[in-house]
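Residue numbers (my numbering): 30 to 276.
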């Protein structure tokens, strides 16, 4: 099966629109959406409408910003900027879209026997997977061969192939990795709407489960337009600034 993997759109319609236009003539058996549709960016309704309107089979999980915006979580652990953006988003989502965000399922979610998705960690949907130690804890308690996760906004892969844990940040415009048949993997497609690895381009992945090839790609999008929406909406200026540098 061929999968399209999207994560961390964060209300950035300009970025998601470019990605969806790029893949619209490609065939996928399913789309995997790893959460945080909203928060930070100024186009939450456009994002929710687009994800709800995806054709074919779609597997989704909720992100921490989705929970706060929809009232599932209070946001007590958010910093001032994140909470201000969440409150702004709550006030502007249509009732239908707020309900769609509220009803996003909790991860992890099994796609099939060999594949799962989550937002943070398979052990805790709000936890961050940054290090080999984080990955070791997951591999020790989570036996699904391939898991795609988001939340860190860093395009990366953790591998356990019987020789210890490998950690690799995936850089550049595009690339591909063939997964070993007996290995286990935690794979982050990066963020579409707010990359944090120093590359401001929208990041997404595809996965062919038959060939076991994971591909990543970065696409430029009209950052200035997304920044202008944020500033016009009265959201914190730093949310616009960080889009230009990918942090």
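Here a beta-carbon is modelled for each residue, glycine too, at the ideal position from N, C-alpha and C. On a predicted model such as this, the values are computed, not experimentally measured, just so you know.
For residue 268, the enclosing alpha helix (DSSP H) stretches over residues 266–274. The straight-line gap separating the alpha-carbon atoms of residue 129 and residue 77 is approximately 8 Å. Segment contact: the stretch 187–196 against the stretch 137–156, fewer than three CB-CB distances shorter than 8 Å; contact not assigned. Residue burial annotation: residue 224 is buried, with at least 16 other C-beta atoms found within 10 angstroms of its C-beta.
Residue 221 carries a coil assignment under DSSP once its states are collapsed to helix, strand and coil. Measuring C-alpha to C-alpha distances from residue 247 to each of 259, 182, 264 and 269 identifies 182 as the nearest. By the C-beta density criterion, residue 135 is exposed, having fewer than 16 other C-beta atoms within 10 angstroms. Residue 146 is positioned such that its CB atom lies closer than 8 Å to that of residue 90. Here the alpha carbons of residue 180 and residue 232 stand approximately 13 Å from one another.
When secondary structure is reduced to three states using DSSP, residue 141 falls in the strand class. Between the alpha carbons of residue 254 and residue 43 lies a gap of roughly 7 Å.
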